[in-house]
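Asker: The structure that follows is given in the form of structure tokens.
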Amino acid sequence: MIIRTLTLFPKIYDMYLEQTILDRARKLNQIEYEIVDIRTYAESSRKMDDIVYGGGAGMLLKPEPYFKYFFELKNKGIKKPYTVFVSPQGKKVSQSVIEDLSKKDDILIISARYEGLDQRVIDRYVDLELCVGDIVLTNGDLPALSIIDAIVRQKDGVIKEESYETDSFYNGLLGYPQYTRPENLGRHKVPQVLLSGDHKKIEEYRFKESVKKTILNRPDLIEEKLKDEDFKRKVEKIL
1 MIIRTLTLFP KIYDMYLEQT ILDRARKLNQ IEYEIVDIRT YAESSRKMDD
51 IVYGGGAGML LKPEPYFKYF FELKNKGIKK PYTVFVSPQG KKVSQSVIED
101 LSKKDDILII SARYEGLDQR VIDRYVDLEL CVGDIVLTNG DLPALSIIDA
151 IVRQKDGVIK EESYETDSFY NGLLGYPQYT RPENLGRHKV PQVLLSGDHK
201 KIEEYRFKES VKKTILNRPD LIEEKLKDED FKRKVEKIL
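Residue numbers for the sequence shown follow UniProt numbering, so the first one is 1 and each next one is one higher.
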């Protein structure tokens, strides 16, 4: 799988992609990263932004460098990658979206800045607009890195399957609380059930805590899960 990114600030990606898990994916030949400084596709002045037609504050990223990039791919005989644009106007990222993206062979993520990107680029090349949350950031590089990180975790051999199976959202719920040594930290102790060795009770405890945390922090997820009658019956037994 190849993950390409169009960004104005490629150095932001260098250190992050050298982290253990992300670099491991590269060394396992599961992922190839191609971080492109889109500014190199601009005119000789390297000017990337201009005023917004119709008026308004801020500057907008110009379309020509992006069109030039895609034309170059085509001239090289490279099929257009599945293209994602990170934007506050996009569909909210979910684990199911990440799982779908992880099955693609070639993904391109466009990271914008300023007031965003000329709509003609989006209309012509973007397959999916994604938003990482109901917040507005300075640029799209942090969301892009978040999406890359989430995709890489799904690839075979990058992390142990049992590790991501306990992640939040993997089963539609938030993760349960976890503890490590020391067993006692003053008045703060590890729940006794986790020390019992009774795997059935531990599983029941973790499920209950996961449901409780999801109800508290993400009631929208619980509403969706309760549509499953088996899950509903299981919850009714513990609450």
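Even glycine gets a Cβ: it sits at the ideal position worked out from N, Cα and C. Note that this is a predicted model, so its numbers are computed, not measured.
In the DSSP assignment, what residue or residues form a beta bridge with T5?
Answerer: The count along the sequence shown starts at 1 and reaches residue 5 at position 5. BP columns for T5 point to I35 and I109.
Asker: Using alpha carbons as the reference points, say which of P143, F169 and V158 lies closest to D23.
Answerer: The residue given as residue 23 occupies position 23 in the sequence shown. Minimum Cα distance to D23 is reached at V158.
Asker: Which one or two residues does DSSP pair with V84 in a beta bridge?
Answerer: Taking the first residue of the sequence shown as position 1, residue 84 is located at position 84. According to DSSP, V84 bridges with I109 and L128.
Asker: Is R187 buried or exposed, if buried means 16 or more other CB atoms sit within 10 Å of its CB?
Answerer: Numbered from 1 along the sequence shown, position 187 holds the residue referred to as residue 187. Flag for R187 reads exposed.
Asker: According to DSSP, simplified to helix, strand and coil, what is K91?
Answerer: Indexing the sequence shown from 1 puts residue 91 at position 91. Strand.
Asker: Alpha carbon to alpha carbon, how far is P182 from I202? Give it in angstroms, no decimals.
Answerer: By one-based count along the sequence shown, residue 202 stands at place 202. By one-based count along the sequence shown, residue 182 stands at place 182. Answer to the nearest angstrom: the Cα atoms are 19 Å apart.
Asker: Classify L239: buried if its beta carbon has 16 or more other beta carbons within 10 angstroms, exposed otherwise.
Answerer: Taking the sequence shown and counting its residues from 1, one reaches residue 239 at position 239. Answer is exposed; the Cβ neighbour count stays below 16.
Asker: How many angstroms separate the CA atom of E99 from the CA atom of A42?
Answerer: Taking the sequence shown and counting its residues from 1, one reaches residue 99 at position 99. Taking the sequence shown and counting its residues from 1, one reaches residue 42 at position 42. Straight-line Cα distance between these residues: approximately 34 Å.
Asker: Apart from the five residues on each side of it in sequence, which residues of its chain come closer than 6 Å, Cβ to Cβ, to V136?
Answerer: Stepping through the sequence shown from its first residue, residue 136 is reached at position 136. Correct list, in chain order: P88.
Asker: Does DSSP classify L137 as helix, strand or coil?
Answerer: On the sequence shown, position 137 is the one that residue 137 refers to. Note: L137 maps to coil in three-state DSSP.
Asker: Taking the alpha carbon of I148 as the point to measure from, which residue in L101, G58 and K189 has its own alpha carbon closest?
Answerer: In the sequence shown, counting from the first residue as 1, residue 148 sits at position 148. Of the candidates L101, G58 and K189, the one whose C-alpha sits nearest the C-alpha of I148 is L101.
Asker: Using a Cβ distance threshold of 8 Å, determine whether the region 80 to 87 contacts the region 107 to 117, with at least three qualifying pairs required.
Answerer: Yes: at least three Cβ pairs fall under 8 Å.
Asker: Going along the chain, which residues of its own chain have a beta-carbon closer than 8 Å to the beta-carbon of E32, five neighbours each way excluded?
Answerer: Position 32 of the sequence shown, counting from 1, holds the residue named residue 32. Counting only Cβ-Cβ distances below 8 Å, and skipping sequence neighbours, we find M1, I2, I3 and R26.
Asker: For D228, name the three-state secondary structure that DSSP assigns.
Answerer: Numbered from 1 along the sequence shown, position 228 holds the residue referred to as residue 228. DSSP places D228 in coil when its eight states are reduced to three.
Asker: By alpha-carbon positions, which one of F70, G56, V52 and F71 ends up nearest to K62?
Answerer: To locate residue 62, count along the sequence shown from 1; it is residue 62. Closest by alpha carbon: V52.
Asker: Taking the CB atoms as reference points, tell me whether Y13 and T20 lie closer together than 8 Å.
Answerer: To locate residue 13, count along the sequence shown from 1; it is residue 13. To locate residue 20, count along the sequence shown from 1; it is residue 20. In this structure, T20 does not lie closer than 8 Å to Y13 by Cβ.
Asker: Quick check on DSSP: helix, strand or coil for K208?
Answerer: Numbered from 1 along the sequence shown, position 208 holds the residue referred to as residue 208. Helix.
Asker: For F231 versus K237, is the C-beta spacing smaller than 8 Å?
Answerer: Start at 1 with the first residue of the sequence shown, and residue 231 comes out as number 231. Start at 1 with the first residue of the sequence shown, and residue 237 comes out as number 237. No, the Cβ-Cβ distance between F231 and K237 is not below 8 Å.
Asker: Residue range of the alpha helix (DSSP H) that A23 falls in?
Answerer: Here residue 23 refers to the residue found at position 23 when the sequence shown is read from its first residue. One point to set straight first is that residue 23 is Asp, not Ala, in the sequence displayed. Note, D23: alpha helix (DSSP H), T20 to K27.
Asker: Assign I78 to buried or exposed, taking buried as 16 or more other Cβ atoms, counted over all protein chains shown, within 10 Å of its Cβ.
Answerer: As a first step, residue 78 must be located in the sequence shown, where it is residue number 78. When all chains shown are included, I78 counts as exposed.
Asker: Can you name the residues that DSSP bridges to D149?
Answerer: Looking up residue 149 in the sequence shown gives position 149. The partner list for D149 (beta bridge, DSSP) is empty, contrary to what the question assumes.
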